[in-house]
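Novice: Numbering (the working numbering), first residue to last: 22 to 258.
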Amino acid sequence: MPTAPLRAPKVTADGAPPQVIQGGMGVGVSGWRLARAVSRTGQLGVVSGTALDAVLARRLQLGDPGGDVRRALAAFPVPELAAAVLERYYVPGGLAEGERFRTEPMLRAERGEAGELLTVLGNFVEVWLAKEGHEGVVGVNYLAKVQLALAPGLFGAILAGVDYVLVGAGVPAHVPELATRLSRGEPVTVELTVDGDTEPYLHRFDPRSLPAGGAVAAEPGAGGRCDGGEGPCECGG
22 MPTAPLRAPK VTADGAPPQV IQGGMGVGVS GWRLARAVSR TGQLGVVSGT
72 ALDAVLARRL QLGDPGGDVR RALAAFPVPE LAAAVLERYY VPGGLAEGER
122 FRTEPMLRAE RGEAGELLTV LGNFVEVWLA KEGHEGVVGV NYLAKVQLAL
172 APGLFGAILA GVDYVLVGAG VPAHVPELAT RLSRGEPVTV ELTVDGDTEP
222 YLHRFDPRSL PAGGAVAAEP GAGGRCDGGE GPCECGG
């Protein structure tokens, strides 16, 4: 898995920090088009980093009009991983009316590599598209309380060259160290807070262990059968 060394904070074309920070306003609202438009004016455009695994999977299943998502996936530095997700979720022309979306794999504390891959790619795509075609600065906004998605999401954003990381809904004191280690392609461990439990849960994310194509389809909940058989699965996958 490639690395992406962190850079000094990027400034605007005139050498000054951005004077306007476009706020992160939620899933599908602070998207790449808005962030790119703001960045092109010389200010800080920000994409929402929440639920980008689901956003990516559903955009592909809706047929990716205009080909923006597929263009971004083609720029991902590990083509076989992007190809596995594309093969799993892309529907030429989009789903028929009334047809159900595939279920996205869940992120989990102890395992869930397919969900991590989709989260990495979702963040990569959103940041890459926001940065495409200009030299402005782009940030990504995360919610600290969405704990399992933070490390894989941040890794995907770093691979796409994100300039700033904004974190709310919690205390993000651990994020700078996460970003530094992930930029080197190193594994990280995130302590998970679970209400009512006194013992901490740990989530380990290792960029080097992202799955090949088979794991995208084979993990329970990833849209295939849990038992490896044919046809729809009773779990809803």
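Heads up, the beta-carbon is just placed ideally off N, CA and C, and yes, glycines get one too.
List the residues that DSSP assigns as beta-bridge partners of L164.
Specialist: G189
Novice: How do the region 36 to 48 and the region 112 to 129 stand: do at least 3 beta-carbon pairs fall below 8 Å, yes or no?
Specialist: no
Novice: Which residue marks the beginning of the alpha helix (DSSP H) containing Y110, and which one marks its end?
Specialist: Boundaries of the alpha helix (DSSP H) around Y110: P100 to Y110.
Novice: Go through the region 112 to 182 residue by residue and report every complete run of the beta strand (DSSP E) that reaches 3 residues or more, in order.
Specialist: 159 to 164
Novice: For L203, list the residues DSSP reports as bridge partners.
Specialist: None, per the DSSP bridge assignment.
Novice: Give the C-beta separation of V68 and W53 to the nearest angstrom, bearing in mind that I take them to be a contact with Cβ-Cβ under 8 Å.
Specialist: 6 Å
Novice: Quick one: is Q43 buried, meaning 16 or more other Cβ sit within 10 Å of its Cβ, or exposed?
Specialist: buried
Novice: Ignore the nearest five residues each way along the sequence and tell me which others in L107's own chain have a CB closer than 8 Å to its CB.
Specialist: L81, R91 and L94
Novice: Are there 16 or more other CB atoms within 10 angstroms of the CB of R229, so buried, or fewer, so exposed?
Specialist: With fewer than 16 Cβ atoms within 10 Å of its Cβ, R229 is classed as exposed.
Novice: On the three-state DSSP scale, how would you describe V59?
Specialist: V59 falls in the helix class under three-state DSSP.
Novice: State the beta-bridge partners of R225 as determined by DSSP.
Specialist: In the DSSP output, where bridge partners are listed per residue, R225 has T210.
Novice: State whether the region 113 to 123 contacts the region 155 to 173, with contact taken as three or more CB pairs (one from each stretch) at a distance under 8 Å.
Specialist: no
Novice: Got a sec? Which residues, its chain only, sit under 8 Å from H155 by beta carbon, not counting five neighbours each side?
Specialist: R57, S60 and R61
Novice: Grouping DSSP H, G and I as helix and E and B as strand, with all else coil, what is L94?
Specialist: Reduced to three states, the DSSP call for L94 is helix.
Novice: DSSP state of G87, grouped into three classes?
Specialist: helix
Novice: Is the beta carbon of A165 sitting closer than 8 Å to the one on V183?
Specialist: no
Novice: Which word fits P197, buried or exposed, when buried means at least 16 other C-beta atoms lie within 10 angstroms of its C-beta?
Specialist: exposed
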